[in-house]
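Heads up: the sequence shown begins at 34 in my numbering, then just goes up one per residue.
Beneath this line is the structure, given in structure tokens, with notes to follow.
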Amino acid sequence: DLGPIPRIEENGKSVAIVGGGPAGLSAGYFLRRLGYAVTLYERERRLGGMMRYGIPDYRLPPAVLDREIGWLLDHGIVVRTGTALGQDVTLDELRESHAAVLLALGCWRSSPLRVPGEDLPGVLGGIEYLYRVNTGQPPEIGRRVAVVGGGNTAMDACRCAQRGGAEEVTVVYRRSRAEMPAQPIEVEESMEEGVRFVFLAAPQAIEGQGRVERMVCQRMELGAPDASGRRQPVPTGETFVLPVDTVIAAVGQQADLSGLPAALHDGRRLKVDDHDATPLRGVFVCGDLRAGPDIAIQAIGDGHWAAHSIHRYLTTGVPRRPYECDVVQRDLGPEDFADRPKQPREHPRVLPAPMRLEAPSAEFNLGLSTDQVLRDAARCMECGCPDLHECRLRRYAVEYEALPERYAGAHVSRIEEANPFYTRDMDKCILCGRCVRACDEIAGFHAIDFVRRGFEGTIGAEYLRPIENSECTGCGMCVQLCPVGALIEKRLPRRVHSAGLRSAATHCGECPVGCDLLLEVEPLSGRIVRASTDLGASRSVSFGNACARGRLAPLAIAENRLAHRFLRSRGRAREVEWSEFLDKVSLFLGRSSSGKAVAILAAANLANEDYEALQNLARALPAALSVEGAATFAPLLNVLQERWRGATATLGELREADLVLILDGRLEEEQPVLTSWIRLAMRRSGTRVLAVGGDPGRLAKGDALHVAAPPDRYGESLSSLRDALRAEGTGDSALAEAVALFKGAKKVVALVGPGFASDERTAQVLVDLLDVLGQKKVIPLYGGTNLHGALGIAAPSASAADVMAAVRAGRVDTLLAIGVDPLDHGATEDDLRGLKRFVLFHHREPKALPLAHAAAPLPWWPERAGTFTNLTGTPLRWHPVVVPPGAAKPLPWIVAGLVRRLGTSVPARAHPRE
């Protein structure tokens, strides 16, 4: 399938194309796509030009050619075969009936040998010989054939002669084999088929009585290089005679200009400018007729550009080829790829020479196998600039037709480096400063700045130290806003740069902030290749920000995935279908020993619909349901509900606060984007920070106060602050400074980490403290993405530690682990081996997988549909961006199947919301 035929909007103009070869067909296709009515005139009965009449069938089967030409014509190209320019139709007639005329006649005359006797019968041109062979009218060539030349036409001619019955075919070439312009594989295959090669020899004369009988050749030696860069052949004076019945001259091709008016040529060459236009208005030239004989793909490309030049002429009055600004690095050498293993090129599978000659017209090149294609594609060095389709400098250079060489000067080599987050190539930097402003004005840091001035100017961290030693958090804002290829985010290898990416919006599932993300997917492979944000979004929970985790985690979506369901029996795992898996697991759940419990341990990053389904499963069994981290924040939430009816702050209020109280916060590790917002507020509006407990990290600058306290004295430290506020004075200088911060603040937001949230008395003291200030703005710093949703929906009845203790004590004999690894929550391998039934659902392969009696895959957040609730209580929605690997199913679907087999029903709310 060559693809669908698009609907073409006609523009009311027509173009005539003379010549149905690769250039003419290509131009016709692109002009048709632009809406022109195209009529193609061809003197032969069939289209294809040199591809049909100059390339033997064993190299290009006619059926392949017919199929592709048919697809091109299906776009609406009108064809008139058997119509020769100058005989059946004139150029003036075409100019009168069409808005433009394109000449794509090709080069159909063989260049002469320019030796005595070449007009004898039996001396043929290479192109004429191949034409007669391909039209089914091969000439008599006798037993001995000499082919003069060293190009691909010479190779085609000698191989056709070998297949046409000649007993001895000799190629005479005036240089050595190393200088032959023919493809090396063509030479090798010719030799395999029995063709003899005589190098460093050239014809001096052709002799015979009434027909060619012999060719006198002179020996050559190589002298100095000529204009082509190859060493010039010089006669040695020695001659020899080659008995022949036919001589085929394949030393070049020329255009037949006899049907063209004198205004278009000087007798040897066409008068054509760089944009394919001729002195005759509206007449254009492309392909071999314009540039001389070349390979088919060159003619195809030439036709493409000629079509666009005609389009510019017909729409603006000025013919112009599309301008391309390609910057090429020509000094690459083996040392630039020393870190890559050398891999040999894959070679097509070909039939042996005897089988080729037995079926002279059959295609013998069987191509590459699928495995060979993959191996050969993997050899690509990917050395091109990955910013090819996004670089604004290149886009503007094309739009304004910039000529870099006009102002070329001495090149100042700049820094090129890679760090864990992105690749930095200062050779491509234009010093626009967008990255510096992004870091300063969006991310809230000052990790980079301008270094030096003038042509030596660059951008880097302070004192040119490594970026890892600066304030950089890897948030990627600088990379996202870089208009050129100076900063490139880490991408997956083997990315297809030529393919347009599909962009899909979702929310990050790496932390409870739930930043908005744009995940870009490569359509061919279905892989996520980049994560970015929409800084211009009118509504965004994260205001267009994101962190390194959010940008890098989606790229690792395929790593260590659990892709299959399996059941384990007697130490051996067996892959099964979903029906058998659900049957077996439902039996597991219904077989708990008398007095033994069933426990469900769930991750804190599931969707709300998942927790609804698990709550129903827990009721149906019955079973104890635990969500990791839930017990830690329950005391704080209970106190907030009791005292303030659960009042919390919004992320917008956090950005506007003039004092942020951070209690046991590990923002840089768990909620990195909050660090960025607070730091930006500190620099922009003088927001103050008071951190109690954990190290504030990058926030410990400027107007930040850190009160160090061990975890067992968190409550005491808050009590001291509360009492000092009530007493309006204290002798402790640190407390006095903290009290001054509170008294000068009008908008206070408290970020509460696990150390302060897990103790009810400490939570009460925190609420007392904020009551004294008249503030009720609290944001719990949950560790799990959707712990807020889990606490509101599933109402976990036990902590993860309680479940593991029950397993260890033998009170639980059946454990369902959903998205978690029990080995990360205090369980040992012996604990899990002691379970009668251990069922594991996960998107990756956790360490506990070999101990599970049953396991099945789950989709990860870029693959799932569902809702979750972020740390401020805002409901957000995940959208599936890619398809999960293997047999992964949504958790509500799995639970519904289990509950049904257990003999109960699942309420509709347990299914994924539309």
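Glycine included, each C-beta is placed from N, C-alpha and C at the ideal position.
Every value quoted in this text rests on a predicted model; they were computed, and no experiment measured them.
- As the crow flies, the alpha-carbon of residue 564 is around 21 Å from that of residue 902.
- Between residue 663 and residue 853, the C-beta spacing is not below 7 Å.
- Around the C-beta of residue 545, 16 or more other C-beta atoms lie within 10 Å, and the residue is accordingly described as buried.
- Of the candidates 481, 286, 487 and 222, the residue whose Cα lies closest to the Cα of residue 384 is 222.
- As far as DSSP is concerned, residue 344 takes part in no beta bridge.
- Within the model, the alpha-carbon separation for residue 856 versus residue 690 is close to 40 Å.
- DSSP lists no beta-bridge partner residue for residue 710.
- Contact between the segment 552 to 561 and the segment 483 to 493 is not established, with fewer than three Cβ pairs separated by less than 8 Å.
- Around the beta carbon of residue 387, fewer than 16 other beta carbons lie within 10 angstroms, which makes this residue exposed.
- If you draw a straight line from the Cα of residue 552 to the Cα of residue 587, it comes to about 8 Å.
- Every alpha helix (DSSP H) stretch that sits fully inside the segment 56 to 141 and reaches 4 residues is listed by chain position as 83 to 86, 95 to 106 and 124 to 130.
- Annotation: residue 919 to residue 645 spans about 25 Å, alpha carbon to alpha carbon.
- Of all C-beta pairs linking the segment 458 to 467 to the segment 512 to 527, three or more are shorter than 8 Å, placing the two stretches in contact.
- Contact between residue 133 and residue 285 is absent: CB atoms are separated by about 31 Å, not below the 8 Å threshold.
- Non-local C-beta neighbours of residue 910 in its own chain, meaning closer than 6 Å and more than five positions away in sequence, comprise 900, ordered along the chain.
- Under the DSSP definition of a beta bridge, residue 911 partners with 899.
- When DSSP reads this structure, residue 250 sits in a beta bridge with 236 and 273.
- In the structure shown, the three-state DSSP call for residue 398 is strand.
- Taking each of 861, 575 and 630 in turn and checking the Cα distance to residue 884, the smallest one comes out for 861.
- Fewer than three beta-carbon pairs drawn from the segment 410 to 425 and the segment 333 to 343 are found closer than 8 Å, and the two stretches are therefore not classed as touching.
- Residue environment for residue 399: exposed (fewer than 16 other C-beta atoms within 10 angstroms of its C-beta).
- DSSP places residue 846 in the strand class (E or B) of the three-state scheme.
- By the neighbour-count criterion, in which 16 or more other beta carbons inside 10 Å mark a residue as buried, residue 50 falls on the buried side.
- Counting along the chain, residue 456 sits inside the beta strand (DSSP E) bounded by residues 455 to 458.
- For residue 755, the secondary structure class from DSSP, reduced to helix, strand or coil, is helix.
- For residue 912, same chain residues with a beta-carbon under 7 Å away, outside a window of 5 residues either side, are 537, 538, 539 and 898 in chain order.
- The DSSP-derived three-state label of residue 722 is strand.
- Boundaries of the alpha helix (DSSP H) harbouring residue 866: 862 to 866, taken from the DSSP string.
- Judged by DSSP secondary structure, residue 535 falls within the beta strand (DSSP E) whose first and last residues are 535 to 540.
- According to the DSSP assignment, residue 223 belongs to the alpha helix (DSSP H) that extends over 217 to 225.
- Put simply, of 511, 107 and 153 the residue whose alpha carbon is nearest the alpha carbon of residue 38 is 107.
- Per DSSP, the beta-bridge partners of residue 206 are 232.
- Per DSSP, the unbroken beta strand (DSSP E) holding residue 632 starts and ends at 630 to 635.
- DSSP lists 634 as the bridge partner or partners of residue 659.
- The closest CA to that of residue 84, considering only 93, 76, 77 and 78, is found on 93.
- In this structure, the CA atom of residue 604 is about 13 Å from the CA atom of residue 869.
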